[in-house]
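To keep things clear, I will list the structure first and then write my remarks on it.
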Amino acid sequence: MAKYPLVAASDCSVDVKQDVVDVCVTACERHGADVEKCTQTIKEALDKRWGGPWHVVVGRAFAFEITHECKHFLHIFVGGTTGVLVWKL
Numbered sequence: 000m001a002k003y004p005l006v007a008a009s010d011c012s013v014d015v016k017q018d019v020v021d022v023c024v025t026a027c028e029r030h031g032a033d034v035e036k037c038t039q040t041i042k043e044a045l046d047k048r049w050g051g052p053w054h055v056v057v058g059r060a061f062a063f064e065i066t067h068e069c070k071h072f073l074h075i076f077v078g079g080t081t082g083v084l085v086w087k088l
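The numbers in the sequence shown follow numbering that gives the first Met the number 0, run straight up by one, and end at 88.
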């Protein structure tokens with residue numbers, strides 16, 4: 000199991016990407032298996048830091064096809080198997 004976040008896809012600028020990854024990793028480590036709290040924590044932090052609305056999906060098995068604002072999309076894996084998808088409309 001990976002101990003570091005794996006960025007699967009992103010079109011964020013470097014500063015936004017690093018901040019979003021940090022927020023996601025911190026939330027997932029803090030809330031563990033509580034996906035709802037993890038999702039809520041990430042959304043609230045990103046809305047506050049980067050303006051809203053951000054959308055967040057956290058889980059172990061999901062597919063997606065989304066429309067997003069340019070430079071505001073990130074899909075990562077935290078802890079090896081937990082997927083986190085964030086995007087802004």
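All C-beta atoms, glycine included, are put in the ideal place defined by N, C-alpha and C. Fair warning: this is a prediction, and the values are worked out from it, not measured in the lab.
For residue j and residue i, believed in contact at Cβ under 8 Å, the rounded distance
i     : j     : result
Leu84 : Glu68 : Going by Cβ atoms, the distance from Leu84 to Glu68 rounds to 14 Å, so no, they are not a contact pair.
Trp86 : Ile65 : 6 Å
Coil, strand or helix - residue i by DSSP
i     : result
Ile75 : strand
Thr40 : helix
Pair within 7 Å by beta-carbon distance, residue i and residue j
i     : j     : result
Val93 : Thr38 : Nothing in the structure corresponds to residue 93, since the chain is present only between 0 and 88.
Phe63 : Asp10 : no
Trp53 : Lys70 : no
Pro4  : Val34 : no
Worksheet item: Does the count of Cβ pairs from the stretch 59-77 and the stretch 15-22 closer than 8 Å reach three?
Response: yes
Fill in: Uninterrupted alpha helix (DSSP H) stretches inside the stretch 1-32 (no shorter than 4 residues)
13-30
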